[in-house]
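One structure below.
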Ligand code: XIL
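Residue numbers (our numbering): 75 to 431.
Next up, the structure:
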């Protein structure tokens with residue numbers, strides 16, 4: 075037990091999370107897997123009714139989009155774009171530059187003179203933004219670039235083909251390329267494990283703030299910071315005051331903020347699912363109350379909507395030893411809403427309304 079309070083709310087009205095977010099001018103949405111859209115109808119219905127913004131869980135990653143050099147495959151990404159358009163939903167673009175999910179050919183292709191390495195990054199960004207630019211509310215231009223546990227180089231992640239090819243400058247190149255084409259879409263840096271009251275998250279916060287200072291000093295056109303929000307409450311303690319302080323520091327940079335990949339891993343939690351559900355709901359409420367209290371925070375995206383398809387159940391480090399599905403998303407694997415759903419609804423209802431920008 076985490077010992078956090080979780081009063082059941084018993085909502086008087088049955089409005090969806092989408093309606094609650096809309097009422098506040100907030101984003102609420104989730105990552106989608108397009109093969110299930112239109113084939114798994116209960117899933118499809120949840121995506122349509124509960125989300126006002128979608129993000130591709132994997133189909134807009136370079137490995138999927140450019141499996142061989144210059145050969146672009148947009149079918150999966152298009153399917154989710156069309157679904158969002160049909161359902162009046164905004165979309166977030168994830169992601170243009172990441173150390174993971176790159177096609178196998180990329181590492182070898184980067185063994186060329188520096189100017190051509192830059193081109194390998196820029197041409198991809200151009201191509202993807204040309205296709206989807208006008209439809210995106212925001213882009214995760216660069217994803218997961220820090221890793222202070224790798225010690226030197228200002229805490230930057232060095233096991234990154236882009237870092238090896240171009241150094242920290244790859245971030246500048248990516249943002250400038252995106253800015254040329256992105257129109258109104260907000261350009262984000264996105265990262266994980268910056269919210270908890272543990273030493274290694276503290277190191278990540280400090281590394282992030284130092285990086286943001288350097289980017290601002292170099293006039294890199296960064297407009298937003300995405301807090302992934304993959305919580306692991308039985309391992310890494312969440313403390314609202316610590317997170318609130320980081321949010322205030324981000325506000326100081328004038329950035330829009332969004333919780334971009336929220337879920338709650340229940341690994342190491344009690345055996346009784348009801349107990350875990352109550353803990354997950356409590357930490358959800360506390361985390362989202364804190365995030366939505368920040369005037370910079372535009373809202374929250376969950377990394378999926380139902381436990382049936384959660385990436386957490388596929389990951390060795392988060393998998394449950396008893397073989398049951400993880401319970402880190404608002405709906406369980408039978409698509410029934412859980413206390414986590416109530417907690418998200420309560421946090422949206424309690425959030426200050428946003429003034430439209
Ligand atoms: C994960 C997806 O959920 C998986 O389906 C995929 O195989 C690997 O990537 N941080 C991110 C996301 O920025 O892109 C990751 O998504 C989860 C961690």
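Each residue gets a CB set at the ideal place from its N, CA and C atoms; glycine is no exception.
Contact check for residue 366 against residue 426 passes: the beta carbons are separated by less than 9 Å. Shortest gap from the CB of residue 114 to any heavy atom of the ligand XIL: 8 Å or more. Per DSSP, residue 400 lies in no beta strand (DSSP E) and is assigned neither H nor E. Inter-residue distance for residue 422 and residue 102 is about 9 Å (C-alpha atoms, whole angstroms). Taken through DSSP and simplified to helix, strand or coil, residue 132 comes out as coil. Here residue 116 is exposed: its Cβ has fewer than 16 other Cβ atoms, across all protein chains shown, within 10 Å. Rounded to the nearest angstrom, the Cβ distance from residue 296 to residue 268 is 15 Å, too far for a contact under 8 Å. For residue 317, the enclosing alpha helix (DSSP H) has its first and last residue at 314 to 326. For residue 260, the enclosing beta strand (DSSP E) begins and ends at 260 to 265.
The ligand XIL has no heavy atom closer than 8 Å to the beta-carbon of residue 110. By the criterion of a C-beta distance shorter than 8 Å, residue 424 is surrounded in its chain by 363 and 366, once the five residues flanking it on both sides are discounted. Exclusion of the five residues before and after residue 261 leaves 213, 215, 249, 252, 253, 295, 296, 297 and 298 as the residues of its chain whose Cβ lies within less than 7 Å of its Cβ.
In this structure, the C-beta of residue 214 approaches the ligand XIL to less than 8 Å from one of its heavy atoms.
Beta-bridge partners assigned by DSSP to residue 220: 230.
A residue is called buried when at least 16 other Cβ atoms come within 10 angstroms of its Cβ; residue 185 does not meet this threshold and is exposed. Scanning 230, 351 and 318 for the CA closest to the CA of residue 308 turns up 351.
For residue 278, the enclosing alpha helix (DSSP H) stretches over residues 273 to 291.
With respect to the C-alpha of residue 114, the residue from 429, 392 and 379 having the closest C-alpha is 379. Taking a contact to require three or more Cβ pairs closer than 8 Å, the segment 149 to 166 and the segment 128 to 137 qualify as touching.
Counting the other CB atoms within 10 Å of its CB gives residue 109 a total below 16, which places it among the exposed residues. In terms of Cα proximity to residue 247, the closest of 207, 273 and 194 is 194. With 16 or more other CB atoms across the displayed protein chains lying within 10 angstroms of its CB, residue 281 is buried.
For a cut-off of 8 Å, the C-beta gap from residue 124 to residue 92 is around 5 Å, short enough to register as a contact. DSSP places residue 170 in no alpha helix (DSSP H) but in the uninterrupted beta strand (DSSP E) bounded by 164 to 172.
Residue 370 is not a Cβ neighbour of residue 315, given a cutoff of 9 Å. Under a 10 Å Cβ-count criterion, residue 404 is classified as buried, with 16 or more other Cβ atoms of the shown protein chains found around its own Cβ. Per DSSP, the unbroken beta strand (DSSP E) holding residue 299 starts and ends at 298 to 301.
DSSP, read as helix, strand or coil, puts residue 346 in coil. Uninterrupted alpha helix (DSSP H) stretches at least 4 residues long and entirely within the segment 329 to 385 occur at 347 to 367, given in chain order. Taking a C-beta distance under 9 Å as the contact criterion, residue 222 and residue 278 qualify as a contact pair.
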